Amino acid sequence: MAPALGAACLMVGALTLVPPTAAAATAPTIASAARPDSLPKDDPEDAGKDKKKRRIYTNCDQVRAEGAGPLYRGERGYNAYLDQDNDGIACNE
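Dropping the structure here:
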């Protein structure tokens, strides 16, 4: 009986020695999603600037007419069908 009593005392003692954690004391926080009225608006002045960057050209005449050439591999607007000699530079002739 003495070992059982000793084990019970150890259990009670262990429970009282554990300090409370700081995480248990703080209230959980909830992240809020951005409201639609706080999202950035499209600027009409920037639309013209980005139009050339996002452009898909049908031929090199169109590239030259918009002053966008030559186009290098990896740049927006570059496409392999515009690069006739496959050197990585489209509409360079």
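Under mature numbering (1 follows the signal peptide of the UniProt record, and there is no 0), the residues of the sequence shown are numbered -24 to -1, 1 to 69, in order.
The beta-carbon is built from N, C-alpha and C at its ideal position, and this holds for glycine as well.
As the structure is a computational prediction, the values presented were derived from the model and not from experiment.
For residue i: DSSP bridge partner residues
| i | result |
| --- | --- |
| ASN66 | Correcting the residue identity first, residue 66 is Ala in this sequence and not Asn. Bridge partners of ALA66: LEU47. |
Residue i burial status per 10 Å Cβ neighbour count (16 or more: buried)
| i | result |
| --- | --- |
| GLY50 | exposed |
| ASP59 | buried |
| GLY45 | buried |
| TYR57 | exposed |
| ALA66 | buried |
| ILE32 | exposed |
| GLU42 | exposed |
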